[in-house]
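So the structure is just underneath, and the comments pick up after that.
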Amino acid sequence: MISVFAGGEFVAGEPIDDDLLVADSWLVADGAVRFLDDHGRRFRAACEAAALSGDLVAAMWRAAVAALPRDGVWFPRVELSACGELRFRLRTAPARGEPLAVWVRPPGDPRRVPHVKGPDLPTLARLREDARRHGAHEALITAADGRVVEGATTSLLWWEGDTLCVPPSELPALPGVTTARLQRRAAELGIPVIHRRRRPQDLAGRETWLVNALHGIRPVRRWVAPEILHPGPAEKAPSWQAWLAEQAAPLPSRPAQ
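In terms of this note's numbering, the sequence shown opens at residue 14 and continues consecutively.
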């Protein structure tokens, strides 16, 4: 279902084949969401950077949150289209929880605007199709020099001993909501968080996670790469997955009519 925000409310919309300038999505499970305010801030900031009124985006966001179902499992998406429309898509959540196989694609980032979710969604969809053709669920993006960046729809983290590692901030990656919260949690626990430049082969034998709002934390169970890469055991993931599950908070009450 596609709705367009017009005149302070949503009206039925039609699919339009124009490029997205901004998009954001999150998981809603029986009326509970993880880090909803973080997603709202990221969406509003990207829309304002595209010269849209912050007040208009804030009003649309409130209307979208109010429209979310309070039961069932959903993966809604808010959008700013290239023609200037603010849209809301109510989508059922896809299947979750499969063991994660990751295809390491050849070096080089095919995205145009990697720091913003939306403009490159068609490209990322093609990367995931390529991954499926290689027998994997997700594609790992690497820079031109072969250093790891992130997944097509996920942020990348890995463990080196008791240190949580992420790619350097100067690499072109989406500012992921879930990975930011995991890094903050590590800091609260006194766990070092280090930005490190690594190639895929450097992740062999290490516990590696690909994370996003839909799936949460998924340890890599199998690498699909030109060289043989054995994933490390997912020893730390269960306790972190339990913590992440506890972060789901009820949606705010709907405004009185």
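Every residue, glycine too, gets a C-beta built ideally from N, C-alpha and C. Since the structure is predicted, the reported quantities are computational estimates derived from the model, not experimental observations.
Quick check on the burial criterion: 16 or more other C-beta atoms within 10 angstroms. Buried or exposed for residue i?
| i | result |
| --- | --- |
| T105 | exposed |
| E174 | The identity of residue 174 in the sequence shown is Gly, whereas the question assumes Glu. G174 comes out exposed. |
| A149 | buried |
| A144 | buried |
| D133 | buried |
| I207 | exposed |
| M14 | exposed |
| S38 | buried |
| I154 | buried |
| T272 | Nothing in the structure corresponds to residue 272, since the chain is present only between 14 and 270. |
| V86 | exposed |
| A226 | buried |
| R55 | buried |
| A165 | buried |
May I ask you to report which of helix, strand or coil DSSP gives residue i?
| i | result |
| --- | --- |
| D37 | strand |
| F173 | Position check: residue 173 holds Glu in this sequence, whereas Phe was assumed. Reduced to three states, the DSSP call for E173 is strand. |
| P263 | strand |
| A19 | strand |
| T167 | coil |
| F88 | coil |
| R198 | helix |
| F101 | strand |
| V295 | This structure cannot settle anything about residue 295, because the visible part of the chain is limited to 14 through 270. |
| E27 | coil |
| R118 | coil |
| A152 | strand |
| H52 | helix |
| E142 | helix |
| L257 | helix |
| R212 | coil |
| R83 | coil |
| M279 | Given a span of 14 to 270 for the chain in the structure shown, any question on residue 279 remains unanswerable. |
| P107 | coil |
| P251 | helix |
Return the Cβ separation of residue i and residue j in integer angstroms, given the expectation that the two are a contact with Cβ distance under 8 Å.
| i | j | result |
| --- | --- | --- |
| T167 | L223 | 4 Å |
| H128 | P185 | 6 Å |
| P263 | L242 | Incorrect: roughly 41 Å between the Cβ atoms, too far for contact. |
| A152 | L140 | 4 Å |
| G203 | E220 | No, G203 and E220 are not in contact; Cβ-Cβ is about 19 Å, not under 8 Å. |
| E163 | L137 | Not confirmed; about 11 Å, so no contact. |
| A63 | L93 | 6 Å |
| C60 | V35 | 5 Å |
| H147 | V233 | Contact doesn't hold; Cβ gap of about 14 Å is too wide. |
| A71 | R57 | 6 Å |
For residue i, list the residues DSSP reports as bridge partners.
| i | result |
| --- | --- |
| R231 | L223 |
| C178 | W171 and I207 |
| S66 | Answer is none; S66 lacks a bridge partner. |
| E61 | BP columns for E61 are empty, so no partner. |
| T136 | According to DSSP, T136 bridges with nothing at all. |
| V46 | V41 and A262 |
| S94 | L33 |
| W161 | Reading off the sequence shown, one finds Val at residue 161, where the question assumed Trp. Per DSSP, T155. |
| L113 | V233 |
May I have the straight-line CA-CA distance separating residue i from residue j, to the nearest angstrom?
| i | j | result |
| --- | --- | --- |
| A114 | P135 | 21 Å |
| G21 | D68 | 11 Å |
| A42 | D84 | 7 Å |
| G218 | A108 | 28 Å |
| V161 | V24 | 42 Å |
| P239 | G159 | 13 Å |
| F101 | L257 | 26 Å |
| E248 | P119 | 29 Å |
| S16 | E98 | 10 Å |
| C96 | I29 | 10 Å |
| S182 | R194 | 15 Å |
| V179 | R124 | 20 Å |
| D122 | S252 | 33 Å |
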